[in-house]
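Colleague: Residue numbering for the sequence shown is -19 to -1, 1 to 198, as defined by mature numbering (1 follows the signal peptide of the UniProt record, and there is no 0). For each residue, glycine too, the CB sits at the ideal point set by N, CA and C.
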Amino acid sequence: MNIGRFLIVFASALFCVNAVSIDHNIVQPLAQPEPATVSEEEPRRLRSSSSPDCGCLSFPAVNAAGETSEGLKGNWGSEGCESAPLGSRVYGRATWHNDVWAIMYAWYFPKGLWDGDTYWSDDWGSTVVWIDNPAELSVSFANGTTPTLSRVLPGPTRTRLQLNDEAPFGDFQDLITWTQLTDAAREALNNPENFGRADVPISDANFPEWRGRLRLS
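(1) In whole angstroms, give me the CA-to-CA distance for residue 68 and residue 41.
(2) Using the rule of at least 16 other Cβ atoms within 10 Å of the residue's Cβ for burial, across every protein chain shown, is residue 77 buried or exposed?
(3) By the DSSP assignment, the beta strand (DSSP E) with residue 38 in it spans what residues?
(4) Tell me the residue span of the alpha helix (DSSP H) that contains residue 170.
(5) Cα separation between residue 1 and residue 159?
(6) Which residues share a DSSP beta bridge with residue 92?
(7) In the DSSP assignment, the beta strand (DSSP E) including residue 4 goes from what residue to what residue?
(8) For residue 82, which option in 13, 186 and 24 has the closest C-alpha, if you only look at C-alpha atoms?
(9) If distances are taken between C-alpha atoms only, which option among 80, 105, 183 and 14 comes closest to residue 50?
(10) Are the beta-carbon atoms belonging to residue 80 and residue 91 less than 9 Å from one another?
(11) Taking DSSP as the reference, what is the three-state secondary structure of residue 70?
(12) Please classify residue 108: does DSSP put it in a helix, a strand, or coil?
(13) Should residue 276 be labelled buried (16 or more other beta-carbon atoms within 10 Å of its own) or exposed?
(14) Using alpha carbons as the reference points, say which of 89, 59 and 112 lies closest to residue 183.
(15) Do the CB positions of residue 43 and residue 166 come within less than 9 Å of each other?
(16) Going by the CB atoms, is the gap between residue 155 and residue 13 shorter than 9 Å?
(17) What residues in its chain sit with their C-beta under 7 Å from that of residue 53, if we drop five residues either side in the sequence?
(18) CB residue 45 to CB residue 11, shorter than 9 Å?
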């Protein structure tokens, strides 16, 4: 028996098991745990509300077992993603960046939009709040604590999240931080085979670069 070949095949099989996608409507969101540390409490306190200007709401991206959403085909507008029957989640990850505490928030959408139309399956949006132990530096809060974000389409370009002072106060999704995810969920979010063409902002591969893109101005 060729042991080396067996190990390679076995490792590949394990990788494939981890990359399991299921219908976007049945991804059970992970429960929001009570924060155990200040680094978990601050992201929860400062999370933004979201206003679904483009119709397609955010959905849970992954469940506790590491099964991810397979998204929706990029057609028929926002059909199929007007509401999340099991609720949604905002995902958070925080770290120090140039002596400032950076909190990234990320939302998963079953459809990607371009110039007002849906064109592909899976999309992620993200934003960063910068705080200085713990004075907020870079976001103006409409209600004294949290901003409202809209998923907007600025002309013929990809969808993005931005602060919107004119949007109605949106809904809050429960927050779960990177450290609160199960090992299987983190592995799934780190797996580039998941979520099609969409990159996960809080993954190990993308988080360092993406938080720098959304740097403090």
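Modeller: Short version:
(1) 7 Å
(2) exposed
(3) From DSSP, residue 38 is part of no beta strand (DSSP E); its letter is neither H nor E.
(4) 164 to 171
(5) 20 Å
(6) 102
(7) Element bounds for residue 4: n/a, residue is neither H nor E.
(8) 24
(9) 105
(10) no
(11) strand
(12) strand
(13) Outside the modelled stretch of the chain, which goes from -19 to 198, sits residue 276, for which no answer is possible.
(14) 89
(15) yes
(16) yes
(17) 5, 61, 62, 91, 92 and 102
(18) yes
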